[in-house]
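Sequential numbering of the sequence shown, starting at 538, is according to the numbering used here.
C-beta: ideal position from N, C-alpha, C; glycine also.
In this text the structure is predicted, and so the values were computed from the model without any measurement.
What follows is one structure encoded as structure tokens, with my remarks underneath.
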Amino acid sequence: MKTRIGILTSGGDCPGLNAVLRGVVLAGEKLGWEVIGFRDGFEGLLPPGDYVVLDRKSTEGIMALGGTIIGTTNRGHFIAKVGAGDRAVVASEVIARARKVLDELHAKALVIVGGDGSMTTAMQMQEAGINCIGVPKTIDNDIEATAMTFGFDSAVAEVMDALDRLHTTATSHKRVMVVEVMGRHAGWIALHGGIAGGADIILIPEIPFDYDKIAQAIKRRESAGRLGSLVVVAEGARAKDGQQIKRDIEGGEFRLGGIGDVVAREIAERTGKETRACVLGHLQRGGPPTTLDRILGTRFGVKAVQLANEGHFGSMVSYQNYQVRHVPIADAVNRLRLVPPHGEMVQTARDVDISFGD
Ligand code: F6P
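So this is what it looks like as structure tokens:
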């Protein structure tokens, strides 16, 4: 009988997931392995098991597609994260049922492609005796223990494209255009997207802002004859004396969003300028992956198979110094990788005249 491994994609979808699936399938086939893909994240592990055999044919041409061909969810029975830094315990009975399904399928290991919440679940499954390998994924780029996740570059490219387009309205109408981007508690997407798209003001959770300082920056631009301005605001950003804006609570975790409208209103009041807000939302998670994400996803998938072959269970693929390596999954959970407020990227932005509203 062929050696079998299972794979699932969990949490929010992001560009590059299919590149990982293809990488795992092709590298697995080289070892004579069979790969089974569980549908809709961890939920596919529940008895009787909802899965599909993935092979060369079923993964042909998928690298260029966004999303994941086996589905995903950031809700359900296996949720282990209920907020920034907060951890929930997945019921041991649920893990036992998943284990039974994997045993019956004779799966030697389970590759879990997901963000920090999914890695928290992966760690609990490993502790319960399931051989797990983690592959870090998220557009937010906030997973500790890896210098980069796939999906981030595609999200940043989307922000850059949106800013390129919004420049026209900002300059033609001499308006302030505010763009709200994702990233949860981390400002990476706003910072990288803002720099690449030529933003004038970037507001991130790591640097609480002051509305008066934002207004001053816009007025300074006006006096210099620059009548249109672009503001990028991360969904998790907040004013020095304010709170993050939360939309609703789902599956135990808050969904952020709404700060863009608030920032636009405050700017209009303080500057008298016509101001419009635009929320990029899930556009940042969709569409074909960039070159970088296709390559990173492929490398991560191939590495996951190598780790399973070498018996490095309980470890997560990690990108460090341009090399794909591995670290214990435990190193990646419950610690968010945030933008260093005094780091090189923030300083670079300041040096090209970008204000952080501080
Ligand atoms: O973690 C990825 C992410 O897109 C965050 O940037 C965002 O806050 C969240 O997921 C949105 O989640 P949902 O798809 O459940 O609305």
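Within-8 Å CB hit, residue i to chain B
i	result
Val561	Checking the listed chains, one finds no chain B in this structure; it contains a single protein chain.
Between the CA atoms of residue j and residue i - distance to the nearest angstrom
i	j	result
Asn611	Leu591	22 Å
Ile676	Val572	26 Å
His729	Leu642	43 Å
Gly543	Ile744	41 Å
Arg763	Cys551	36 Å
Gly720	Thr835	23 Å
Arg862	Arg813	44 Å
Val799	Gly598	43 Å
Gly731	Arg541	44 Å
Val561	Gly809	55 Å
Asp698	Glu664	43 Å
Gln884	Val589	48 Å
Arg807	Ala707	18 Å
Gly553	Leu602	8 Å
Val876	His710	33 Å
Ala886	Lys756	19 Å
Leu873	His879	17 Å
Contact check, residue i vs residue j, beta carbons under 8 Å
i	j	result
Gly765	Ile782	no
Gly509	Ile632	Since the first and last residues shown for the chain are 538 and 895, residue 509 lies out of range.
Arg696	Ile726	Residue identity check: residue 696 is Val in the sequence provided, not Arg. Their beta carbons are under 8 Å apart, which means Val696 touches Ile726 by this criterion.
Val770	Leu817	no
Lys645	Ala845	yes
Thr827	Ser691	yes
Ala754	Ile738	yes
Gly581	Leu545	yes
Ala556	Asp888	no
Val672	Ala841	yes
Buried versus exposed, by CB contacts within 10 Å (16 or more), residue i
i	result
Ile856	Looking at the sequence shown, residue 856 is not Ile but Tyr. Buried, because 16 or more other Cβ atoms sit within 10 Å of the Cβ of Tyr856.
Leu568	exposed
Val854	buried
Ile786	exposed
Arg819	The sequence shown places His at residue 819, rather than the Arg named in the question. Flag for His819 reads exposed.
Lys694	One point to set straight first is that residue 694 is Ala, not Lys, in the sequence displayed. With 16 or more other Cβ atoms within 10 Å, it is buried.
Lys777	exposed
From the options, residue whose alpha carbon lies closest to that of residue i
i	options	result
Leu703	Ser691, Ala692 and Glu717	Glu717
Glu566	Gly671, Gly603 and Gly838	Gly838
Glu803	Gly724, Gly894, Lys840 and Glu847	Gly894
Gly773	Lys750, Gly724, Ala736 and Gly549	Gly724
Glu847	Val626, Asp640, Asn668 and Ser547	Asn668
Thr596	Gly548, His849 and Ala564	Ala564
Ile607	Ala628, Phe579 and Glu630	Phe579
* Is there contact here, the segment 657-666 with the segment 679-687, by at least three beta-carbon pairs under 8 Å? -> no
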